[in-house]
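If you read the protein sequences in the order shown, they are chains A and B.
Take the first sequence: its letter number 193 is residue 193 in our numbering, and every next letter is one higher.
Take the second sequence: its letter number 348 is residue 348 in our numbering, and every next letter is one higher.
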Amino acid sequence: MIHFPILRWGKPYKSLEVDKVVHFATGEPLAEVSQANPGLIKRDMRQAARAREALRRIPHKELLKMVGQAAEAFMEAELPAGDGTQTPDDFVKYQSATTGLPEAMCRANMEKLHFVLTRLEEILRSLTRGLDPEIFSRGYGEEDGVMRSYQATTPVLSMVLPSNSPGVHGLWLPVIPLQIGLVFKPGPQEPWTPYRMSEAFFQAGVPREAISLYPGGAEVGAAVLQNSPRTLIFGGKPTVDQYRGNPGVQVHGPGFSKILIGEDQVDQWRDHLDLMADSVLVNSGRSCISCSGIWVPRHGREIARALAERLAPVAPADPTDPEAKLAAFTVVEQAEAVNQMIEDQLGEEGVEEVTARYREGDRLVKQERCAYLRPTVLHCTSPEPSLANTEFMFPFVSVVECPQEKMLDQISETLVCTAISQDEQWRRQLLDCTHIDRLNLGPIPTIKLNWLQPHEGNLVDFLFRNRAFQVAG
Amino acid sequence: MSTDTMSKELESKAQAARRRLDQHVREMVEWHFTPETGCPFWLEWAGKAGWDPRKEIASFQDLGRFGDFQDEWLRGGPVERWIPKAYRGRPTFVFETGGTTGIPKTRVNIEDFRIDYELFSESLPEEHFPKGANWLMLGPSGPRRLRLAVEHLCQHRGGICFCVDLDPRWVIKLIKKGWHEHLQAYQEHVIDQAVTILSANHDIRCMFTTPKLLEALAMRLEDEGSSIREAGITGIFSGGTEFTPQWYRFASEELLDGVYMTPTYGNTLMGLAASKPFDPADEYKITYHAPQPRAVLRVVDLDDHDKDVGYGETGRVALTTLTKEFFMPRFLERDEGEREPPCEAYPWDGVSGVRPFRGFASSTTVGVY
Numbered sequence: 001m002i003h004f005p006i007l008r009w010g011k012p013y014k015s016l017e018v019d020k021v022v023h024f025a026t027g028e029p030l031a032e033v034s035q036a037n038p039g040l041i042k043r044d045m046r047q048a049a050r051a052r053e054a055l056r057r058i059p060h061k062e063l064l065k066m067v068g069q070a071a072e073a074f075m076e077a078e079l080p081a082g083d084g085t086q087t088p089d090d091f092v093k094y095q096s097a098t099t100g101l102p103e104a105m106c107r108a109n110m111e112k113l114h115f116v117l118t119r120l121e122e123i124l125r126s127l128t129r130g131l132d133p134e135i136f137s138r139g140y141g142e143e144d145g146v147m148r149s150y151q152a153t154t155p156v157l158s159m160v161l162p163s164n165s166p167g168v169h170g171l172w173l174p175v176i177p178l179q180i181g182l183v184f185k186p187g188p189q190e191p192w193t194p195y196r197m198s199e200a201f202f203q204a205g206v207p208r209e210a211i212s213l214y215p216g217g218a219e220v221g222a223a224v225l226q227n228s229p230r231t232l233i234f235g236g237k238p239t240v241d242q243y244r245g246n247p248g249v250q251v252h253g254p255g256f257s258k259i260l261i262g263e264d265q266v267d268q269w270r271d272h273l274d275l276m277a278d279s280v281l282v283n284s285g286r287s288c289i290s291c292s293g294i295w296v297p298r299h300g301r302e303i304a305r306a307l308a309e310r311l312a313p314v315a316p317a318d319p320t321d322p323e324a325k326l327a328a329f330t331v332v333e334q335a336e337a338v339n340q341m342i343e344d345q346l347g348e349e350g351v352e353e354v355t356a357r358y359r360e361g362d363r364l365v366k367q368e369r370c371a372y373l374r375p376t377v378l379h380c381t382s383p384e385p386s387l388a389n390t391e392f393m394f395p396f397v398s399v400v401e402c403p404q405e406k407m408l409d410q411i412s413e414t415l416v417c418t419a420i421s422q423d424e425q426w427r428r429q430l431l432d433c434t435h436i437d438r439l440n441l442g443p444i445p446t447i448k449l450n451w452l453q454p455h456e457g458n459l460v461d462f463l464f465r466n467r468a469f470q471v472a473g
Numbered sequence: 001m002s003t004d005t006m007s008k009e010l011e012s013k014a015q016a017a018r019r020r021l022d023q024h025v026r027e028m029v030e031w032h033f034t035p036e037t038g039c040p041f042w043l044e045w046a047g048k049a050g051w052d053p054r055k056e057i058a059s060f061q062d063l064g065r066f067g068d069f070q071d072e073w074l075r076g077g078p079v080e081r082w083i084p085k086a087y088r089g090r091p092t093f094v095f096e097t098g099g100t101t102g103i104p105k106t107r108v109n110i111e112d113f114r115i116d117y118e119l120f121s122e123s124l125p126e127e128h129f130p131k132g133a134n135w136l137m138l139g140p141s142g143p144r145r146l147r148l149a150v151e152h153l154c155q156h157r158g159g160i161c162f163c164v165d166l167d168p169r170w171v172i173k174l175i176k177k178g179w180h181e182h183l184q185a186y187q188e189h190v191i192d193q194a195v196t197i198l199s200a201n202h203d204i205r206c207m208f209t210t211p212k213l214l215e216a217l218a219m220r221l222e223d224e225g226s227s228i229r230e231a232g233i234t235g236i237f238s239g240g241t242e243f244t245p246q247w248y249r250f251a252s253e254e255l256l257d258g259v260y261m262t263p264t265y266g267n268t269l270m271g272l273a274a275s276k277p278f279d280p281a282d283e284y285k286i287t288y289h290a291p292q293p294r295a296v297l298r299v300v301d302l303d304d305h306d307k308d309v310g311y312g313e314t315g316r317v318a319l320t321t322l323t324k325e326f327f328m329p330r331f332l333e334r335d336e337g338e339r340e341p342p343c344e345a346y347p348w349d350g351v352s353g354v355r356p357f358r359g360f361a362s363s364t365t366v367g368v369y
């Protein structure tokens, strides 16, 4: 069994406390992960400046090249994995086995990360709005006759990562070429990506002292947050609420992502059925950019039925099946609780589960050590029922009937909004709507990412401060 | 280690300890269930029980007849019902445990805390805890016995004790409210006071503190270009259930600069359990042994509390306190751990890996100090 040590600025440290990562379906132990203690992190973080110093000794262009090489290594090479090694196929197999994601989704995530790493130059140009990277490295520089100065707000970016969605790793990949170090607190079931990506970076020449990895429990996550000037965290709504407004923390929580169809387009809803189904189902509905609400002024019932017909047959499959669409809940009780919550709230007036009549069997499918929740489509006659604006970690969507003129007041926080309408006045209102983060005007699936656009806040804005600067003579 | 693998000498010591414990049990039962000496609580209990413990309890094993001690019996007054009649009129302390929400458990105390710490004093190596040295007590005081007990330990060894308080109940509130900045500020406030005292030429050489405060103090001193050793400390005894082997190793390798530290496990109800002397072969495993026969720690089966688990196996920690001031048979602690065999220094069972009992872990805020 592989043992993953703590990485303290690249140096392996075997803890006296270990956590076993097990196969979600069989319980077979697959890896043993050293667990950090909070004091160790606090102590190490005093050396964080060295991570940036080490990276600043390497020109930005060199780092970009290294990242490109790392992309290939990540995809193709047999890389060190703790005290063993791992081929790309093993990586997919193990990641699937501990997170419950079908192997095909793990492979797709891997390709997504590879894509981001190989396009970093463009992505950085987009995130920095085309500024000369040397300005970030040197701290200042003149461009188009204007003095610009950017100061790093932190020597490292820390991350408290989730267990259920390896796709989130796409968010931090631009950091190394910005000469900022990395501190990871991996999710307990998903140590694979942070370790493999770190090893890919090391193999490409990124200095080991630029990266630390601290597996552990909640107290380790808290220590990472407490001791880092800038941290990305992932969690549910309570976590989002707790850190909202904290300038040192960028929180990635539920997305409540939606598709809105305007008065002028709703009669052609059939044209958009593929887009709606994909937005709900891709990545097993686990992403914050997965669609959990389809808001329409009319035809709600027909849309819900058509979607239900499409999604209801989707059932658990062997994770190695390339056609597997559903991810497992590795904690059975979690699936049971979600299922019960839905059942309880279905009693509210004006809400009906439409999938029930097209699905053979129950929504909840329990297996010996894991469970699945099969796709669920609701029809809500108004935005009133609780389930009209809810998000769960499986393909779940509410088709909500709401007059167009009331939609923007009712949808509340929305990470991704795909709005299908040619109504210029409404499009203007959508552009001005402050509780929509990413706006797709036109038939673009909510799950379609454009890596040249910032995702839930611009990473460069989070890591650098644009400031005034003057230099004499 | 089974009894088969114990050395003959250790087995003989363990047998002697068992005999001594049984004898002590008989004496304590006689004391607590005799109307002239016992406390109202137990005399009343025996009146309703329908059997006479003085006649029927002959050994530690027999204490099982009392069943599990009820947590609720210690919550709320009148606290006088716990004072043995023989001690009526003597200056009495009351110490609290728990009490984050609701009514805390209380225990009356007359001399026990002093006796417990005098016994513990015998386990402290002179080399690291020199007699006559001044001490710093950095930890919770308030309604707990800890401050008075540590101060007495220091005085008993001929020194003067300086104290800095930390209120764990306030810390728990800060954690529950998510007021992390306040938590940080409060910890800094406590450490500020400790650093000030250590820098004030009081020749402080020994210290009691909790793992978390020790960590914070060591890092603050390091920030200031100093260390625990350079601050003059030569010996530390530390306590808290969050005392994990990994933390012990981290502290030894990275915080203490060679200063001696001994882990302890204590509470208001028991007294103070010392740890088996450090053995590199144990990989920083911490094994606690109760101050037997005054208190006994067992590791019991989660379902059958009459049954001890096997050596190395996991169970719930059950505490029995047997002093003239306090009789508490088989109280189930909020901790679990692994049963450990007797050792040369403490020839009776111990417990290692002490951590919050899984049945309570999710609802308890632990490790606050």
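C-beta atoms are modelled at their ideal positions from N, C-alpha and C, and glycine is treated no differently.
Since the structure is predicted, the reported quantities are computational estimates derived from the model, not experimental observations.
Task: C-alpha distance - Pro29 (chain A) paired with His23 (chain A), whole-angstrom precision - done: 6 Å
Task: 3-residue-minimum beta strand (DSSP E) runs that sit fully inside the region 319-393 of chain A, ordered along the chain - done: 351-353, 364-366, 371-373, 376-380
Task: Bridge partners - Glu96 (chain B), DSSP secondary structure assignment - done: B:Thr106
Task: Beta carbon proximity, Pro280 (chain B) to chain A, threshold 8 Å - done: no
TODO: Give a yes or no on whether 8 Å exceeds the smallest Cβ distance from Pro80 (chain A) to chain B.
DONE: no
Open item on the list: With a threshold of 8 Å on Cβ separation, who are the neighbours of Asp303 (chain B) within its own chain once the five nearest residues in sequence on each side are excluded?
Closed with: none
Task: Beta-carbon neighbours of Arg43 (chain A), restricted to chain B and to distances below 7 Å - done: Met219, Glu254
- [ ] Please confirm if Glu283 (chain B) has its CB atom under 8 Å from at least one CB of chain A.
- [x] Interface residue, yes.
- [ ] Going by CA-CA distance only, name the one from B:Val300, B:Arg358, B:Glu122, B:Phe326 that's closest to Gly64 (chain B).
- [x] Shortest Cα-Cα distance from Gly64 (chain B) to any of B:Val300, B:Arg358, B:Glu122, B:Phe326 involves B:Val300.
TODO: Taking Val400 (chain A) as the reference, give the member of A:Val251, A:Gly293, A:Arg270, A:Ala223 with the closest Cα.
DONE: A:Gly293
TODO: Give the DSSP bridge partners of Gly187 (chain A), in chain order.
DONE: DSSP lists A:Glu190 as partners of Gly187 (chain A).
Open item on the list: Does the CB of Glu336 (chain B) have a neighbour CB from chain A at under 8 Å?
Closed with: no
Task: Three-state secondary structure (DSSP) of Trp295 (chain A) - done: In the three-state scheme derived from DSSP, where H, G and I count as helix and E and B as strand, Trp295 (chain A) is classed as strand.
Task: Residue interval of the alpha helix (DSSP H) (run including Val354 (chain B)) - done: Taken as a continuous stretch (DSSP letters only), Val354 (chain B) belongs to no alpha helix (DSSP H), being part of the beta strand (DSSP E) at 350-356.
Open item on the list: Quick check: is the beta carbon of Gln226 (chain A) nearer than 8 Å to any beta carbon in chain B?
Closed with: yes
Open item on the list: Taking 8 Å as the threshold (beta carbon to beta carbon), is Glu17 (chain A) in contact with chain B?
Closed with: yes
- [ ] Express the C-alpha separation of Thr262 (chain B) and Pro329 (chain B) in angstroms, rounding to a whole number.
- [x] 28 Å
Task: DSSP three-state assignment for Cys154 (chain B), whether helix, strand or coil - done: In the structure shown, Cys154 (chain B) sits in a helix (DSSP, three-state: H, G or I).
TODO: Please name the residue, chosen from B:Glu254, B:Ile175, B:Glu215, that lies closest to Ala194 (chain B) on a Cα-to-Cα basis.
DONE: B:Glu215
- [ ] Indicate whether Leu232 (chain A) and Leu157 (chain A) have their beta-carbon atoms separated by less than 8 Å.
- [x] yes
- [ ] Using a Cβ cut-off of 8 Å (strictly closer), state whether Gln86 (chain A) contacts chain B.
- [x] Residue-level contact check: Gln86 (chain A) does not touch chain B, since none of the beta carbons of chain B fall below 8 Å from its beta carbon.
Open item on the list: Spatial neighbours of Ala48 (chain A) within its chain, please: C-beta separation below 7 Å, excluding the five flanking residues on both sides.
Closed with: Pro155, Val156, Gly181
- [ ] Output yes if chain B places a C-beta closer than 8 Å to the C-beta of Gly39 (chain A); else output no.
- [x] At least one CB of chain B lies nearer than 8 Å to the CB of Gly39 (chain A).
- [ ] Name the one or two DSSP bridge partners that Ala315 (chain B) has.
- [x] First, the amino acid is wrong: residue 315 (chain B) is Gly here, not Ala. Gly315 (chain B) has B:Gly337 as its beta-bridge partners, per DSSP.
Task: Residues in the region 246-277 of chain B having any Cβ partner in chain A nearer than 9 Å - done: Gln246, Trp247, Tyr248, Arg249, Phe250, Ala251, Glu254, Leu255
- [ ] May I have the straight-line CA-CA distance separating Gly300 (chain A) from His114 (chain A), to the nearest angstrom?
- [x] Whole-angstrom Cα-Cα distance: 39 Å.
Open item on the list: Do Ser257 (chain A) and Leu439 (chain A) have their beta-carbon atoms positioned less than 8 Å apart in this structure?
Closed with: no
Open item on the list: Distance check for Arg298 (chain A) and Val249 (chain A), CA to CA, integer angstroms please.
Closed with: 40 Å
TODO: Would you kindly check if the distance between the Cβ of Cys380 (chain A) and the Cβ of Gly350 (chain A) is under 8 Å?
DONE: A contact, by the Cβ cut-off of 8 Å.
Open item on the list: Taking a contact to mean a Cβ-Cβ separation below 8 Å, would you say Gln422 (chain A) touches Leu408 (chain A) in this structure?
Closed with: no
TODO: Can you check the region 204-267 of chain B for any alpha helix (DSSP H) of at least 4 residues that lies completely inside it and give the ranges in chain order?
DONE: 211-223, 245-250
TODO: Identify whether Ala194 (chain B) lies in helix, strand or coil by the three-state DSSP scheme.
DONE: helix
Task: Spatially closest choice to Thr34 (chain B) from B:Gln15, B:Gly77, B:Ala86, B:Gln61, by CA coordinates - done: B:Ala86
- [ ] Using only alpha-carbon positions, find the residue among A:Glu368, A:Phe392, A:Trp426, A:Ser290 that is nearest to Val338 (chain A).
- [x] A:Phe392
Task: 8 Å Cβ shell around Ser7 (chain B) - same chain, five flanking residues per side excluded - done: none
- [ ] Pull up the distance between the alpha-carbon of Thr196 (chain B) and that of Glu222 (chain B), whole angstroms please.
- [x] 15 Å
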